[in-house]
Amino acid sequence: MTQESGKGIVCIGSVLWDVIGRSASHMRQGSDVPGRITRLPGGVAMNIAMTLVRFGHAPILLTAIGRDPEGDELAAACADLGMDIDHVYRSDDLPTDRYMAVEGANGLIAAIADAHSLEAAGNKILRPLQTGPLGSGQAPFRGHVALDGNLTQTLLEQIARDPAFGAADLRVAPASPGKAERLLPFLNHRRATLYVNLEEAGLLCQTVFGASRDAAVGLLQKGALRVLVTDGGNTATEGDAAGLISQTPPEVLVTRVTGAGDTFMAAHIAAEAGGADRDTALTRALHAAATYVSGDTPL
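Under UniProt numbering, think of the first position of the sequence shown as 1, with each following residue one higher.
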């Protein structure tokens with residue numbers, strides 16, 4: 001698979017089972033309400049890959065999945081969805097990771113990401129890009145690489161300086177505000193595009209921003225090559241040395257939030273991989289995310 005074929009997009013990071021509880025009620029700490037609980041393939045890398053599949057790509061997954069029954073189910077689900085799992089690291093002694101979240105009508109209430117196996121696997125998941133067959137330090141991969149912040153700080157720092165990634169178009173997301181600072185190695189990186197929300201941008205810049213445009217400016221002033229900053233249903237901004245582009249997403253009824261940022265990122269990558277200009281790519285990404293949170297696309 002190559003970038004030229006339009007199918008060479010590598011997704012590196014968490015691929016796990018999402019256990020999501022959703023209720024139509026407004027919730028607070030201690031709420032006990034009726035709702036639905038689902039278990040679905042998830043994780044940042046997985047969510048990005050699923051959206052890429054919907055846009056006609058066959059993403060290559062680099063992750064860690066256990067050889068336990070849950071891992072076998074998950075690997076089969078990835079393959080059935082049309083993803084390339086040939087290079088996934090399957091561990092005999094690490095369990096398959098999980099993510100658990102509770103969502104109410106007022107958004108995400110709480111979440112816990114158990115990505116310890118991914119962290120424990122470390123750079124074993126990168127071997128196909130470092131020593132072949134996808135690339136190496138001498139013949140680096142030249143396609144898009146989507147990275148998620150569920151990787152450890154050490155591994156992200158390694159990727160930032162590894163010659164095997166020296167020709168890649170790196171697209172990086174923090175996975176959650178709690179892991180935003182893991183992206184610091186890419187804040188001054190010459191090939192990285194950062195996808196963050198308003199809170200994550202503030203954490204990277206150690207301040208509080210009131211709007212996505214201010215956050216984009218702040219990140220660029222910190223040395224970022226290119227950034228995309230979202231703010232829920234408010235205006236999103238894409239910025240680089242050529243200037244800023246801001247757009248407001250479509251108004252929709254929000255029925256889910258987990259995975260919305262990943263959908264935005266994947267749709268943006270897919271649009272640019274297909275030749276879309278900056279303005280068009282941002283529009284497509286915002287519409288894809290709005291459609292996702294409205295519940296009109298498959299989970």
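Even glycine gets a Cβ: it sits at the ideal position worked out from N, Cα and C.
Being a predicted model, the structure only gives us computed values, none of them experimental.
Under a 10 Å Cβ-count criterion, residue 272 is classified as buried, with 16 or more other Cβ atoms of the shown protein chains found around its own Cβ.
When only Cα atoms are considered, residue 101 and residue 50 end up about 19 Å apart. A direct Cα-to-Cα measurement between residue 55 and residue 10 gives close to 15 Å. When secondary structure is reduced to three states using DSSP, residue 237 falls in the strand class. Per DSSP, reduced to three states, the secondary structure at residue 66 is strand. Boundaries of the beta strand (DSSP E) around residue 247: 243-247. A direct Cα-Cα distance of roughly 13 Å separates residue 217 from residue 194. Scanning the stretch 43-91 from its first residue to its last, the whole alpha helix (DSSP H) runs of 4-plus residues come out as 44-54, 69-81. For residue 100, the pairing in a beta bridge is given by DSSP as 19, 112.
Taking the Cβ atoms as the reference, residue 37 lies roughly 26 Å from residue 61, outside the contact range of under 8 Å. Contact annotation: the stretch 204-214 does not touch the stretch 158-170, with fewer than three C-beta pairs closer than 8 Å. Here the alpha carbon of residue 81 sits roughly 28 Å from the alpha carbon of residue 277.
For residue 289, the enclosing alpha helix (DSSP H) has its first and last residue at 278-293. Membership of residue 154 in the alpha helix (DSSP H) is indicated by the continuous run 153-161.
Residue environment for residue 93: exposed (fewer than 16 other C-beta atoms within 10 angstroms of its C-beta).
For the 8 Å CB-CB criterion, residue 74 and residue 15 form a contact. When rounded, the separation of the alpha-carbon atoms in residue 148 and residue 48 is 10 Å.
With respect to the C-alpha of residue 240, the residue from 44, 224, 129 having the closest C-alpha is 224.
Per DSSP, the beta bridge partners of residue 144 are 9, 169. When C-beta atoms of the stretch 112-130 are compared with those of the stretch 63-70, three or more pairs fall below 8 Å, so the two segments count as touching. A distance of 8 Å or more separates the beta carbons of residue 257 and residue 229. The stretch 102-111 makes no contact with the stretch 144-159: fewer than 3 CB pairs, one atom from each, lie closer than 8 Å.
A residue is called buried once 16 or more other Cβ atoms fall within 10 Å of its Cβ, and residue 212 is buried on that count. Take the alpha-carbon of residue 180 and the one of residue 174: they are about 5 Å apart. When rounded, the separation of the alpha-carbon atoms in residue 196 and residue 227 is 8 Å. For residue 29, the closest of 109, 188, 177 by C-alpha to C-alpha distance is 109. Distance from the Cα of residue 135 is smallest, within the candidate group 106, 221, 235, 162, for 162.
For residue 192, the beta-bridge partners assigned by DSSP are 170. Minimum Cα-Cα distance from residue 35 among the listed residues 27, 269, 42 corresponds to 27.
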